[in-house]
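*Asks:* Sharing a structure, written as structure tokens. Questions coming.
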Amino acid sequence: MLDYVTHLFRLKAIIEEGSLGRAAQRLNVTQPALSRSVSQLEKHFGQPILIRHSRGVAPTPFGERVLSSALGIERHWQLAEKLLQTDPAEGKTSIRIGAGPIWRGAILPEFINQLQKDFPKVVFELLSIEPRGSLRDLKEGRLDFVFTGVDLTPEGEPGISVMPFARILANVVARKNHPIFQHRGPDGTIAPIRLLDFPWVVYSAMPNYRDMMRHAIYEHLGVEPEVRVICDGLLPTLRLLELGDFLAVMPHAAINRDLTPNLRAVPAGLTPRRNQAAFFYRSEMDDWEIVQAIRRLCLQRFGPLESQKP
């Protein structure tokens, strides 16, 4: 087992350098030793891993998959080694958590505040993600955990564990003194037709919110609202909502009395829109204490998924 881990780490250096000679210098081993490692891997997997050309070497498509696995193994080894060390002089390890802006602003600070108390040897890196690339970043160790409402693994993904933990409600949002609230009826609701009286801002970093806005209004009124601003930044979107007469569809977590005290949900009687949020991590971390702690925090914060409104 350890021999193959060594072979994989050597392969990583070869592919990164694009040359057996440069990889040999970097690792301080001989080129024949690296060639033997590649041969052992190709024999083990039964497929070619490298293509040799005039300028050096490059991975085959299968070699790219092997490299992806090697990166994940390397990251797992780094974390395991650090977390098992008991000597304070060895320093701390970093856990890289990827999440969208709303998660980073409204939910994860609560989690990290507790986790840093329970795991004093860990430094938590809270990073932004691009949903389409976050699964690969997770598999290859550039991220350790991902929190998102985007389904990264609709077909399932070998080596990735998923914990769905929340159904996230999306609301029509406006500033608290927005003129739309003057149209409340006796029952406190606002006729959906009034949503067409005002300009809309679309938070484009999460395309599903634009789709939610269009479908929710179209199914009630048969027309789409007037979009005046498309913004991929969360803070500018929230600021526009606070300053102007804009409306937007945003997740309920964005209506936070501490973070956004001037925003309110607009009770326009639209069909509620919900996304399912999930916690993603590499499967080999299933029994790690820090993963179990995060799972408990998800349950404490949101309750069992089956008890949440569909």
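No gaps in the numbering here: position 24 of the sequence shown is 29 in my numbering, and each next residue is one more. Where a beta carbon is used, it is the ideal one built from N, C-alpha and C, also for glycine. Owing to the predicted nature of the structure, the values given are computational and were not obtained by experimental measurement.
1) Give me the Cα-Cα distance between glutamate 145 and aspartate 192, rounded to the nearest whole angstrom.
2) Measure the CB-CB distance between proline 197 and leucine 243 and report whether it falls below 8 Å.
3) Provide the residue span of the beta strand (DSSP E) that contains leucine 174, from first to last.
4) For the beta strand (DSSP E) that proline 256 lies in, which residues bound it at each end?
5) Is the beta carbon of leucine 25 closer than 8 Å to that of valine 62?
6) Going by alpha carbons, who is nearest to glutamine 305 out of Glu115, Phe285, Ile165?
7) Determine, using beta carbons only, whether arginine 287 and glycine 77 come nearer to each other than 8 Å.
8) Taking C-alpha atoms, which residue in Leu248, Glu224, Asp123 lies nearest to proline 1?
9) Within the same chain, show all residues whose beta-carbon is closer than 8 Å to that of isoleucine 134, passing over the 5 residues directly before and after it, in chain order.
10) Taking the alpha carbon of serine 139 as the reference point, which residue from Leu120, Val127, Ile165, Asn118 has its own alpha carbon closest?
11) Is leucine 107 buried or exposed, if buried means 16 or more other CB atoms sit within 10 Å of its CB?
12) Taking just the CA atoms, how far does threonine 65 sit from phenylalanine 50?
13) Please state the DSSP three-state secondary structure of asparagine 280.
14) Starting from leucine 310, follow the alpha helix (DSSP H) in both directions and report where the run begins and ends.
15) The alpha helix (DSSP H) that contains phenylalanine 116, what's its start and end?
16) Grouping DSSP H, G and I as helix and E and B as strand, with all else coil, what is serine 209?
17) As an exercise, report each continuous alpha helix (DSSP H) stretch of at least 4 residues that is fully enclosed by the region 28-102, in chain order.
18) Distance check for serine 209 and isoleucine 117, CA to CA, integer angstroms please.
19) Hey, out of Phe203, Phe285, Ile19, Phe170, whose CA is closest to proline 136's CA?
20) Quick one: is threonine 11 buried, meaning 16 or more other Cβ sit within 10 Å of its Cβ, or exposed?
*Replies:* Once the coordinates are examined:
1) Taking the sequence shown and counting its residues from 1, the one referred to as residue 145 is at position 140. Taking the sequence shown and counting its residues from 1, the one referred to as residue 192 is at position 187. Cα-Cα distance, rounded: 53 Å.
2) As a first step, residue 197 is located in the sequence shown; it is residue number 192 there, counting from the start. As a first step, residue 243 is located in the sequence shown; it is residue number 238 there, counting from the start. Result no, Cβ atoms of proline 197 and leucine 243 do not sit closer than 8 Å.
3) Residue numbering aside, residue 174 sits at position 169 when the sequence shown is read from its first letter. Unbroken beta strand (DSSP E) run through leucine 174: 165-180.
4) Start at 1 with the first residue of the sequence shown, and residue 256 comes out as number 251. Taken as a continuous stretch (DSSP letters only), the beta strand (DSSP E) holding proline 256 covers 253-256.
5) Here residue 62 refers to the residue found at position 57 when the sequence shown is read from its first residue. Here residue 25 refers to the residue found at position 20 when the sequence shown is read from its first residue. In contact: valine 62 and leucine 25 (Cβ atoms closer than 8 Å).
6) Position 300 of the sequence shown holds residue 305. Measuring from the Cα of glutamine 305, the nearest candidate turns out to be Glu115.
7) Locating residue 287 in the sequence shown gives position 282, where the first residue counts as 1. Locating residue 77 in the sequence shown gives position 72, where the first residue counts as 1. It is a contact, given that the beta carbons lie within the stated cut-off.
8) No information on residue 1 is available, as it lies outside the stretch 6 to 315 that the chain covers here.
9) Sequence index remark: in the sequence shown, residue 134 carries index 129 (1-based). If we look at isoleucine 134 and ignore the five residues flanking it on each side, its Cβ neighbours are Gly103, Ala104, Gly105, Asp142, Leu148, Val151, Thr153.
10) Position 134 of the sequence shown, counting from 1, holds the residue named residue 139. Ranking the options by Cα distance to serine 139, first place goes to Ile165.
11) Within the sequence shown, numbered from 1, the residue matching residue 107 stands at position 102. Looking at the sequence itself, residue 107 is isoleucine, so the reference to leucine does not match. By the neighbour-count rule (16 or more Cβ atoms within 10 Å), isoleucine 107 is buried.
12) Residue 50 sits at position 45 when you count from the first residue of the sequence shown. Residue 65 sits at position 60 when you count from the first residue of the sequence shown. About 13 Å.
13) Residue mapping note: residue 280 aligns to position 275 of the sequence shown, counting from 1. Three-state result, asparagine 280: strand.
14) Residue 310 sits at position 305 when you count from the first residue of the sequence shown. Per DSSP, leucine 310 belongs to no alpha helix (DSSP H) and is neither H nor E.
15) Indexing the sequence shown from 1 puts residue 116 at position 111. Note, phenylalanine 116: alpha helix (DSSP H), 113-123.
16) Taking the first residue of the sequence shown as position 1, residue 209 is located at position 204. Looking at serine 209 - three-state DSSP - the assignment turns out to be coil, as it is neither helix nor strand.
17) 36-50, 66-89
18) For this step, residue 117 is matched to residue 112 along the sequence shown. For this step, residue 209 is matched to residue 204 along the sequence shown. Each residue's Cα considered, the two are about 27 Å apart.
19) The residue labelled residue 136 in the question sits at position 131 within the sequence shown. For the residues Phe203, Phe285, Ile19, Phe170, the minimum Cα distance to proline 136 belongs to Phe285.
20) In the sequence shown, counting from the first residue as 1, residue 11 sits at position 6. Exposed: under 16 other Cβ atoms inside 10 Å.
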